[in-house]
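Notes for the one structure printed next.
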Amino acid sequence: MEAREVLYLIDGHALAYRSYFALQRGGFTTSSGESTGAVYGFSRTLLDVVEHHQPKYLAVTFDEGLSAREEIYPDYKATRVKMPEDLSSQIERIRDLVEAFNIPRLTMPNMEADDILGTISRQAVEQGLDVHIATGDRDILQLLGPHVRVQLPQRRGPDVVMDVAAFRDKYGLEPSQLIDLKALMGDSSDNIPGVKGVGEKSATKLLQDYGDLDTIYENLDDIGTRVRNRLIEGKDMAYLSRRLATIMRHLDIKLDLDACIAQDFEVGLVDGLFSALEFRTMRERLHRVYGELHGEDFESSIVHAHEVVETVVVRDEAQLNELVQALMGAEMIAFDTETTSIDQMSADLVGIALAVDEKRGYYLPVGHRVVGGEGQPDMFAQPVGEQLPLATVLDALRAPLEDPKIPKTAHNAVYDLMIMQRYGINVAPIAFDTMLAEWVQNPISKFLGLKALVAQTLDIQMTEISDLLGKGKNQLSMDMVEIDAAAPYAAADATMTYCLVEPLRKGLTDSTLGALYDRLELPLIPIVGAMQFKGVTLDVDFLSDMSDRLATSIQGLESAIYEAGNIGNFNIGSPKQLNMVLFEVLGLPTDGLKKTKLGFSTDATTLDALRDQHPIVDMIVEYRELSKLKSTYVDALPALVNAGTGRLHTSYNQTGSATGRFSSSNPNLQNIPIRTEVGREVRRAFVAPEGYLLLAVDYSQIELRVMAHISQDETLISAFHQGLDIHQATAATVNGIEPDDVSYEQRSFAKRVNFGLMYGMGAFRLARDSDLTLAEAEEFISTYFERMPGVEQYIKDTKEFVWRHGYTETLYGRRRIYPAIKSNGNRRSTSAEERAAINMPIQGTAADILKQSMINLYALLADAQFDAAMILQVHDELVLEVKESELDAVTALVVETMESALPDGKPLRVPLRANASYGRDWCDMVEID
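Quick note: the sequence shown uses the numbering used here, first residue 4, plus one each step.
This is how it looks when you write it as structure tokens:
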């Protein structure tokens, strides 16, 4: 008999979850802190399939949105912990990996991957194929048959492949009986209830004796009294559970075998991903597998940067003069700095790399030092090797790098700008930033790093910094690397950046995103650099005093919690011990609470639901808030003050969000709590120096104003033109009452709905976050849309647009793409991407308006020669440090500039409003009329 071809199916989400939890404690993170365990486990399975099976047909399935089972049973999977944030980010990496392997993705909105696997495997068998399913979900074992096998990963050792015989040996049942086994015993992982009191042993015996659920209920008289009574009481749940446990096998999805033909994967792209993820052993395996499959050495198929870039090390003044002549005649200069750390305010300059064409890179070493006996630099040694004096190099490069007629380009230019500024050179103009260009085209790109971007765009492999410096406790800094080893690396950085400009510029032009890039993002680079360079003064003494006060409060809370817990001292920070105190010792109710491996969840959502049950809950919430505030900000901020400037220099990331908003780090200003008095007190540490004041100006309800403009809702537009309190006006409109009759609770609820709808909030979430029933929440939203139909129409139109085009955009033309929507094109989805699509045009436009105002304001402050500078940007707020005598004039300029920053110069349908306040610190501020 002729052997049947095999279709290999990979259960994407299940395998990702399994890999994540199996490798969670394995330390799988990159040097930058990115979690990679799930991607590593998934990659291992992919390579297993490619290496050992070399399938003719291959596909991957993913869940999309809520499943139809939730409509049958709302508590389905309700006890599952929300997808961890570091797993969510890895799912996107896994999607990138699947794409690099040229594997088709099979998805269907509102359907779990199990159901797609069930349907596709049935069709494949009917078409004469064998099916091999790789999954981490044992539910799939019900699909086993003469032509279907299932591969399950193990925590340790090789994967296990199950067939029908193996299943019989392990469970004593037929694979098809797994459905009824779960119907009887339930499944805690999916929150399938089963029959209360019937465990695996009893359920297995019943199925061995009677065959299936129906026959069991037909023969209740033959079953022992205790089990019989439980079966009678749990009959409805048994049949409900059977429906939940049954994998659907007749979905409206067709198996396209031609689309599933396993193609030769993009080895360079996969290698680039593995390199970016720092999978050293996985790369070695990839190279070996590629060589075995293609009969050639992997390295021979890869183009390396050092093979296409000529490296010139500038060691003497003759070479330096020759380089300066080339720079002065260049059409564009690509530059990069090599330093001792990523902290642009403290890093020492080790070398400068430059390129004026696509073939040659120059490296100017200025700070390489002798390495001591234990791998540490000799702090008192002179520079090692042939290096020109730093002052000589800087004097020579100043003219070309500051020449306004010569365009400059860099990758993450703001870093290199600040380094050069600290060394006395103001590089200008920045005509292109390759990292920003990639991000503008794809704000969720995983290829923002230079090495990954070059591999993706140019199919050229670059040396990773870890290959040069090493990792862990023996990691070197760049000044400890020999010049001849550092030079090719640095020269390639500059030259590859030069090479990226043309394809990235073409991509911007072809996608119509060039105008946004040139108008908003490029001009912000020197502004962001100036804000970071300026920094803000911090009152360290105040924070020290606040730390002492918090320590006293925390100690008092600890004592109160111990007393309320009735068991003496315990570790409040231990979820396991806290679980025992709350649910075993104090006996707090657990109905509807999420479960974890340690018992019931004790996260913030759970504690909030338990607040009325015992006084200890409020104490624990306050204990956590104060402890986090103390460790994350009060104790951490002083250590971030730069010893040279005496100021705190926050880092702002232009590419930090998919909507265009800035993110910040060291510290993350966006997360400083302001809803509590003690949280707001942290802002009191941000102060103005003597003779200056802090001026804070923030947009008033800018996202709602953008919503009013985009939705053209007449009720919202009218309320803003009348200067009404928009939340009070909304509450009055929805409740059919006069604004003056709106209660505090009604206004607060309307505020929640106003902002929630912009984030795609539905009735279920509104009910969950309020005291409303689901029916009441649905009625409220229905009434809201009746009274404000423009908002409802905007949401409908946006959903239509994103399903048609796969992206949404701001008034400035900024776009965000949605991979899951774009890949399956089915308009029935209610996925998180759809909710993000509703919000993006609003939040993104608000972010664009703020960026436009920063650009305009930066120029106006310089023209007017005010002694004022932007120093902080948080959400919709700008904070400036202003000479006290110039406060009134600067305030007027800032407010007018922010209120007139309009898309394409066209006014919104509602006025923009900016509120100003000033003070000696960022907390105690006086409003300015």
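Glycine is no exception: its CB is placed at the ideal position from the N, C-alpha and C atoms. Quantities reported herein were computed from a predicted structural model and do not represent experimental measurements.
Best match in the options for proximity to residue i [C-alpha to C-alpha]
i: Ser124; options: Leu234, Phe435, Glu8; result: Glu8
i: Leu400; options: Glu320, Asp351, Ala455; result: Glu320
i: Gln704; options: Ala917, Gln535, Thr658, Val644; result: Ala917
i: Thr110; options: Tyr861, Gly121, Lys238, Asp66; result: Asp66
i: Met857; options: Thr605, Asn105, Tyr702; result: Tyr702
i: Asn572; options: Glu310, Lys579, Glu684, Glu561; result: Glu561
i: Lys854; options: Ser205, Ala6, Thr900; result: Thr900
i: Pro906; options: Thr540, Thr813, Asn842, Gly237; result: Thr813
i: Pro432; options: Asp521, Lys449, His16; result: Asp521
i: Leu719; options: Ala753, Val700, Pro161, Tyr43; result: Ala753
i: Arg771; options: Pro368, His253, Pro77; result: Pro77
i: Leu397; options: Ala554, Thr340, Ala735, Val134; result: Thr340
i: Val897; options: Leu864, Asp924, Pro914; result: Leu864
i: Thr460; options: Glu441, Glu741, Asp470, Leu146; result: Glu441
i: Thr540; options: Lys173, Val53, Leu697, Glu803; result: Leu697
i: Tyr565; options: Arg552, Ala489, Leu585, Met549; result: Leu585
i: Val317; options: His290, Ser278, Arg286, Ala358; result: Ala358
First and last residue of the uninterrupted alpha helix (DSSP H) at residue i
i: Leu2; result: Beyond the ends of the chain as shown, which are 4 and 932, falls residue 2; an answer cannot be given.
i: Glu236; result: 228-236
i: Gln211; result: 203-213
i: Phe804; result: 792-808
i: Ala328; result: Before going further, note that residue 328 is Gln rather than Ala in the sequence given. 320-331 is the extent of the alpha helix (DSSP H) around Gln328.
i: Leu629; result: 618-632
i: Ala862; result: 835-867
i: Pro403; result: 393-405
i: Glu287; result: 283-297
i: Met188; result: 181-188
i: Ser714; result: 705-714
Residue i classed as buried or exposed, judged by whether at least 16 other C-beta atoms fall within 10 angstroms
i: Gln868; result: exposed
i: Asn757; result: buried
i: Asp259; result: exposed
i: Leu748; result: Note that residue 748 corresponds to Glu in the displayed sequence, not to Leu. Glu748 should be labelled exposed.
i: Gly378; result: Interpretation of Gly378 is limited by its pLDDT of 49, a score under 50 that renders its predicted location unreliable; no figure is taken from the coordinates.
i: Leu223; result: exposed
i: Leu12; result: buried
i: Arg830; result: Legend: pLDDT at Arg830 = 40, less than 50; position of this residue unreliable, no value from coordinates given.
i: Leu10; result: buried
i: His297; result: exposed
i: Gly828; result: Its pLDDT being 41, under 50, Gly828 is placed unreliably in this model, and the value from its coordinates should be taken loosely. Exposed is the call here.
i: Arg817; result: buried
i: Asp866; result: exposed
i: Thr512; result: exposed
i: Gln55; result: Here the sequence assigns His to residue 55, which means Gln is not the residue at that position. Label assigned to His55: exposed.
i: Ser746; result: exposed
i: His652; result: buried
i: Gly376; result: Per-residue confidence for Gly376 stands at a pLDDT of 45, beneath the threshold of 50, marking its modelled position as unreliable; no derived number is given.
i: Ile463; result: buried
i: Gly475; result: exposed
i: Lys633; result: buried
i: Asp548; result: exposed
i: Asn445; result: buried
Host beta strand (DSSP E) of residue i (start-end)
i: Glu930; result: 929-931
i: Phe338; result: 336-342
i: Tyr921; result: 917-922
i: Asp51; result: That residue, Asp51, is in no beta strand (DSSP E); its alpha helix (DSSP H) goes 40-51.
i: Gln390; result: Counting along the chain, Gln390 falls outside any beta strand (DSSP E), and DSSP gives it neither H nor E.
Distance between beta carbons of residue j and residue i, contact taken as under 8 angstroms
i: Ile486; j: His371; result: 5 angstroms
i: Asp252; j: Gly121; result: One detail in the question is off: residue 252 reads as Arg in this sequence, not Asp. Going by Cβ atoms, the distance from Arg252 to Gly121 rounds to 4 angstroms, so yes, they are a contact pair.
i: Thr207; j: Asp14; result: Rounded, the Cβ-Cβ distance is 25 angstroms, inconsistent with contact.
i: Leu527; j: Gln657; result: 6 angstroms
i: Ile182; j: Gly189; result: With a Cβ gap of about 12 angstroms, Ile182 and Gly189 do not count as contacting.
i: Ala699; j: Ser920; result: 5 angstroms
i: Ser490; j: Gly271; result: A small correction: the amino acid at residue 490 is Ala; Ser does not occupy that position in the sequence shown. At roughly 24 angstroms, the Cβ-Cβ gap does not stay under 8 angstroms, so Ala490 and Gly271 are not in contact.
field: Sequence ranges, beta strand (DSSP E) only - wholly within the region 411-495, length at least 3
entry: 411-413, 433-436
task: Could you pull out every unbroken beta strand (DSSP E) segment of at least 3 residues lying fully inside the region 65-143, listed in chain order?
output: 133-137
- request: Within the region 513-573, note down every full alpha helix (DSSP H) run reaching 4 residues or more, in order along the chain.
  value: 525-537, 543-568
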